[in-house]
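Residue numbers (this note's numbering): 31 to 125.
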């Protein structure tokens with residue numbers, strides 16, 4: 031079992047005026063992770079062979095969720111898409 035310190039609005043006379051004021055220790059029974067969803071995989075890009083992803087949103091806000099870490103299969107690395115045009119004002123000195 032893991033333990034964590036959480037910030038609360040509850041008053042504790044023993045910790046008043048200290049760095050632990052309104053902080054409580056809790057037991058984390060199941061390790062959790064906050065995630066933000068992406069859209070489902072689309073067809074691979076014909077030039078790179080990589081799948082294209084976009085953040086999933088609701089009313090222009092990221093769709094987040096708290097899940098058990100046991101649901102995470104593995105980490106993933108994303109490569110940004112820069113497009114086809116280059117800003118001609120960019121040089122090695124100013125970028």
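C-beta: ideal position from N, C-alpha, C; glycine also.
In this text the structure is predicted, and so the values were computed from the model without any measurement.
Of the choices 43, 46, 51 and 47, whose alpha-carbon is the least far from that of residue 37?
-> 51
Under a three-way DSSP split, which group does residue 122 fall into?
-> coil
Indicate the three-state DSSP secondary structure (helix, strand or coil) for residue 44 in the structure shown.
-> helix
Report yes if the C-beta of residue 45 is less than 7 Å from at least one heavy atom of the ligand HEM; otherwise report no.
-> Among the ligands in the structure shown, none appear at all, so the ligand HEM cannot be discussed.
For residue 69 and residue 35, the rounded distance between their alpha carbons = 34 Å
Counting pairs of Cβ atoms below 8 Å between the stretch 85-93 and the stretch 51-63, do you hit three or more?
-> no
Among 64, 117, 84 and 114, nearest to residue 98 - alpha-carbon criterion | 64
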